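To keep things clear, I will list the structure first and then write my remarks on it.
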Amino acid sequence: MDILSLFVVLPVIVIIALVFTKSLKQARQIAMVGSVIQLGMALNLLFAYLKEVNINDSIFVFTRDIIWFKEFNIHYNIGVDGISVALILLTSIIVLAGVFISWKTYDLPKEFFVSLLVLATGVYGFFISIDLFTMFLFYEIAVIPMYLLIGIWGSGPKEYSAMKLTLMLMGASALLLVGILGIYLNSNADGGPLTFNILEISQVNIPFEAQKLFFPLTFIGFAVLGALFPFHTWSPDGHASAPTAVSMLHAGVLMKLGGYGVFRVAMFLLPEGAMEWSWFFIILAAIGVIYGAFAAIRQTDLKYINAYSSVSHLGLVLFALLMLNKTAWNGAILQSLSHGFMTALFFALIGMIYTRTHTRDITKLGGLLKVIPFISVIYVIAGLASLGLPGFSGFVAEMNIFVGAFQNEDMFHRVLTILSISAIVVTAVYILRVVGIMLMGPVKNESFLSLPQATWYETTGVLLLLLPIIGIGVAPLWLSDMILKSIQPFLQGVL
Amino acid sequence: MIPGISITEILTLTSILFFIGIYGFMTRTNLISMLISVEIILNSTVINFVVINKYLYPELLQGVVYAIFIIAVAAAETALAVAIIINLYKQISSVDVKETETLKH
Amino acid sequence: MNISYLFLIPIIPLAVFLVLGIFNKMIKPTVSGWIGVGGLTATTILSFYAAFQYFFVTGKLDGAYQTFIEKTVWMNFTDTLHIDLGILIDPISIMMLIVVSTISLMVHIYSRGYMKDDPGYTKFFAFLSLFTFSMYGLVLATNLFQIYIFWELVGVSSFLLIGYYYTKNSAVAAAKKAFIVTRFADFGFLIGILIIGFYTGTWDFETLNNPEGAAIVNWASTSFMGLSVLTWALILIFMGGAGKSAMFPLHIWLPDAMEGPTPVSALIHAATMVVAGVYLVARLFPMYYFVEEGFVLHIVSYVGAFSSLFAAIIAITQTDIKRILAFSTMSQIGYMMMSLGVSGFDGHEGVGYMASMFHLFTHAMFKALLFLGAGSVIHAVHSNYLKDMGGLRKHMPITNITFLIAALAIAGVPPLAGFWSKDEILVAAFENSMFIYSIGILVAGLTSFYMFRLYFGIFWGKETIYAHKPKESPRSMTIPLIILAVFSVVVGFIPFSEYVTADKLGFVAHLNYPLAATAVLVGLTGILFAWIFYKKENNLAERFANAFGFFYKWASNKFYFDELYLFITRQLIFKRISAPIAYFDKKFVDGTMEGIGNKTLVVANKIKGIQSGKVQDYAFGFISGVVVLAIVFIYLWTN
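Chains as they are written, first to last, in the working numbering: chain F, 1 to 495; chain B, 1001 to 1105; chain G, 2001 to 2639.
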């Protein structure tokens, strides 16, 4: 078994083990052990990659190619570069933190952890695939458990939200499928066989007309998952209804598939289409950045605030990807990682606050800093990280994006860049609004005085997420170099 | 090869037979009558097979064999259909097709 | 000169912050106080040692003070642009090191007494260390981006310390306001940085500030709307500086920032962080001077002069002693900006630059002293308002004398520190523009007037009956007062012009007797008026206030700038932009998606009738299909 396939196989083994468990205690222990092993594997992969990349200068390393469907030339073709390694690490950390945060899932714990791990399988599979078809398959595997997770373990109008989320994402996958098939059917433009292999397709000059047609389909197909305006509305409702761990995984990992897919498939395989359409999508992304930030100011539900904040931050990812230069792309990947950790952390904290106070309405909360200091302090730190304070990962990512975006000299890019930068002010407003109303001020409700402090599993989960944020923020160079190195071949494809 | 009768006339006859069957199938609501209509349709095609075989490839037998096949299958089918109809009658005391719409839910 | 050991200066406070922050609950308050003071003492000794080394051991090379840089790459952007972290030693950074360490050490010592029995004692010292660390990082920055990084960090430390009493709503609001206003200014700063990075390809001060370097020589190469892009960048960077330094119109956060504990106000909002804007302009002074022939410097000087006058007028009408000091700070920083704005570059031409830095230095001493003195008073009477004070000179002799020294220093009475620096500023203004000079002299008069209004109001004036008899503060608080008072007397005698100048060559400054005499006279007049109005309890002041009526009301309401900003944020941004967006999102964007879903359901309901379950209907459909296909095939075949 090679180092990558393990990522798909291990969750499956854990799932099988979970099927035989009888109680919450057993289920969560097995899930935890499984996730710890995954984290260990991810770290191992990171070190192995850093070693491998010195002696192996192909785009993807640890590749493996098994024919799956001969007639259509579908392969199980896997491999990783620096970007996928970083995202795999992100996934494994968030899954583990998610397991810790769901320590007390009382109804149907077994099924809950199983769905969670199915999702993880899909995500890992997506990140290691080089074959478009396999990639799409894993994408679907990752999206579908979301319906169950929200529909069964959610709160509020959960059926509605689950349905909305699934339908919108399925609609997007329909577009995506058309886009992928379009790429596939044009992959013989230079006379070779039809293929789903990304690397092979990238060598082919797909006719301009086809690129122009299929780029928007592929882009929107992925970008809906990345909360592209105006296709973002599944996200606030979905997050609000989802249970904590699911929100974490969804915002932290699943939404990253969007940006990653745009980068790997839409940008890389259809570069001329990207050039042709970039102006249009840049406008949408920039609207998303500002619009999400402004919309967040007026929300009172913590999860809605965070969901709109995600729209804004992920808008920045798409914005950066469309800027078509390496600094911005580096920023986009870093922002994906940083946003992943930050939102996961936010949702974890929101979950903790909710289980204690039974409300997510900030107008009903107040003075939490006094009663639950640990959770509140971490919330403040997460907030500061989210508004792009130096020393946290968000700053590094945003600065890369802004510097990169500023390399485009024409008026159109400049104006939109400056507009997007202005979101840093608005972000400060909504973050500090929450901090001011919810955490500071006098204690609003007598019953808050007896709130329990954070437990060991909550603390562990939260610190797991906080450490990478600070780590990336303080010493970003090695990570950004790793990503830059992996971006290089993609950049040559586009320019 | 019947002297004085051309293939056209026979085919016209079978066509008429066929459409009578169709008409019956669509207008009758009694399942038995509908079954009879289906049989008429089948018979019209059987005649077609035989006649076309006789007129086009008189030295071959495939059409005739096929006709026998159809008759056999039609017999089996009729048996099955009648069985279903009888069962249906036991359930809802009717052989009217309008009464059987409950199946759609 | 080997400067590697200077990395310790920022690292020690950072370590103290981490220790106190992480082991918050485990450390006893007294211990944490000593850890903070100990760490700061170490850095202060290092700073003074570095200053001694720099000026007296290493000295000048070819007649100019050298610049020492040590740095490491922190983040790569493009092939040329990268963020370095490092330290840059030149006269102004050494001067700022001295200011920051001295004041911070005094404040640390003082806080041990002032914050005694506060439940968040350890946390307070942790935040102070965080701030000190960020401030060191800022003053030692080698490039624009590093300064921006630490700029944000001092902003957040300021946010945390203003909101220190976080259960008080007013403190929370003030902290938020301070952060958001400065953040808005930083938005300009960031764009300025990006422009500079893009057009010059570097952020290093060494490269940018080189008068023969590409950045300055080619400033005119690209222009935008009639001005060079670099001019725009410098204006935007000045916007960042104006936000931090509370220049008009971004000044509104500073008075509210007085919600923080008083030692914090002394450290952050009087002596160090608020002068960061001045420091920033001084850092980039060659660029400001050479690009577009000093166009931006005009803006700097007018903004500075206006803010200075504006704040001085408001200060006269305030009744909260900390707010009076806050407006005084704003006014004095305006003075420094003004002085920078009128400065030249070479030799004696650069007297404005020198005077600005000199004033920054002396101001830090006496303004910190004023704030700490005010803190001592507040500690004794438990109120911030002048109306609750009076006649305290008998109860608090040490505070009284030190406060008087500081007030005399800020009023520019010779031979105290403020006299020397203020005199240089007025000389610079006089040589440049009569208009600026007249504003300067007017502000000098106003300053001594409001400062002595404050002094007489607290220590003389009416004999107030106190519920608790006020008594002198403990020694941990009075010792810093005495030390700072000594500094306020002596630092004026430092021959500053020989050490800190724009061209780093140094020159010999002479007292300009006519100008000095005028300034002193104006200052003394201000004191005299304050004496008449406030020494004894009388109603002269009220009569004057009534005589000015309308204008007085305006000024005491700070010219309604708070209300204007409230209107912009609450009414315009929240109600007119944000709420409609939220509504639009719910109704239209989401509505469209919902609509698609609902329409699908409706259509589904409609067409499900086709599936009637009637065998005949199916048969009809089937047969008509066959017929259609048959016809199609027949025609296709015939063709």
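Here a beta-carbon is modelled for each residue, glycine too, at the ideal position from N, C-alpha and C. Since the structure is predicted, the reported quantities are computational estimates derived from the model, not experimental observations.
Classify F2068 of chain G as helix, strand or coil using the three-state DSSP reduction. strand
Amino acids of chain G, ordered along the chain, whose beta-carbon sits closer than 8 Å to that of V1097 of chain B: K2614, V2615 and Q2616
With DSSP collapsed to three states, give me the class of K1104 of chain B. Here the model assigns K1104 of chain B a pLDDT of 48, short of 50, so the residue's position is not dependable, and the following value carries that caveat. It is helical.
Would you check if the stretch 439-459 of chain F and the stretch 2180-2196 of chain G touch, i.e. whether three or more CB-CB distances between them fall below 8 Å? no
Could you list the residues in the stretch 2581-2594 of chain G with a C-beta less than 7 Å from some C-beta on chain F, going in chain order? I2581, A2582, D2585, V2589, D2590 and M2593
Looking only at its own chain, which residues have a Cβ that is under 8 Å from the Cβ of H1105 of chain B, when we skip the five neighbours before and after it? Low confidence applies here, because H1105 of chain B scores a pLDDT of 42, under 50, leaving its location unreliable; read the following figure in that light. For H1105 of chain B, where only same-chain residues beyond five positions count, there are no Cβ hits under 8 Å.
Listed in chain order, which residues of the stretch 2189-2200 of chain G have Cβ atoms closer than 7 Å to some Cβ of chain F? L2190, I2191, L2194, G2197 and F2198
Looking at the structure shown, is D131 of chain F part of a helix, part of a strand, or coil, going by DSSP? strand
How long is the line joining the alpha carbons of T2262 of chain G and H2379 of chain G, rounded to whole angstroms? 9 Å
Does any CB atom of chain G fall closer than 7 Å to the CB of F1049 of chain B? no
Considering only their Cβ atoms, is the gap separating V1064 of chain B from N1048 of chain B smaller than 7 Å? no
I want to see whether chain G comes within less than 7 Å of P157 of chain F, judged by CB atoms only; does it? no
Cα-Cα separation between Y2618 of chain G and A1075 of chain B, rounded to whole angstroms: 24 Å
At 9 Å on the CB atoms, spell out the chain B contacts of I2607 of chain G, in chain order. Chain B residues near I2607 of chain G: none, gap ~14 Å exceeds 9 Å.
Taking all protein chains shown into account, do 16 or more other C-beta atoms lie within 10 angstroms of the C-beta of S958 of chain B, making it buried, or fewer, making it exposed? No information on residue 958 of chain B is available, as it lies outside the stretch 1001 to 1105 that chain B covers here.
Apply the 10 Å Cβ neighbour rule to L50 of chain F and answer buried if 16 or more other Cβ atoms are within range, or exposed otherwise. exposed
With 16 other CB atoms within 10 Å as the buried threshold, where does M248 of chain F fall? buried
Using 8 Å as the Cβ pair cut-off and three pairs as the minimum, do the stretch 267-275 of chain F and the stretch 321-334 of chain F touch? yes
When we look at the beta-carbon of L368 of chain F and count the other beta-carbons within 10 Å, is it buried (16 or more) or exposed? buried
Under the rule that 16 or more other beta-carbon atoms within 10 Å means buried, what is D2204 of chain G, buried or exposed? buried
Have a look at F:F219, F:K326, F:L199 and F:I93 and flag the residue whose alpha-carbon is nearest the alpha-carbon of Q488 of chain F. F:K326
Could you tell me whether the stretch 139-150 of chain F touches the stretch 111-125 of chain F, using the rule of 3 or more Cβ pairs below 8 Å? yes
Per DSSP, R64 of chain F is paired with what? F:I78
Taking Cβ to Cβ, would you say G2352 of chain G is nearer than 7 Å to A2428 of chain G? yes
Using a cut-off of 8 Å between C-beta atoms, extract the partners of F1025 of chain B located in chain G. Q2616 and A2619
Euclidean distance between Cα positions of I59 of chain F and M342 of chain F: 29 Å
The stretch 1081-1097 of chain B touching the stretch 2029-2045 of chain G, judged by at least three CB pairs closer than 8 Å: no
Does any residue of chain G have a CB that is nearer than 7 Å to the CB of V317 of chain F? no
Would you give the residue range spanned by the alpha helix (DSSP H) that L2629 of chain G belongs to? V2615 to T2638
Which bits of chain B does I2610 of chain G rub up against, with CB to CB less than 8 Å? Near I2610 of chain G there are no residues of chain B at all, since even the closest Cβ is about 11 Å away, more than 8 Å.
What did DSSP end up calling S2438 of chain G once you bin it into helix, strand or coil? helix
Test item: CB-CB of L2408 of chain G and F2459 of chain G under 7 Å: no
Same chain only: Cβ atoms within 8 Å of S23 of chain F, ignoring 5 sequence neighbours per side: P109
Proximal residues to I2313 of chain G (C-beta, below 6 Å), its chain only, five neighbours per side dropped: A2555
Name, please, each residue of chain B whose Cβ falls closer than 7 Å to the Cβ of I2623 of chain G. I1022
Buried/exposed call for F2551 of chain G, threshold 16 Cβ in 10 Å: exposed
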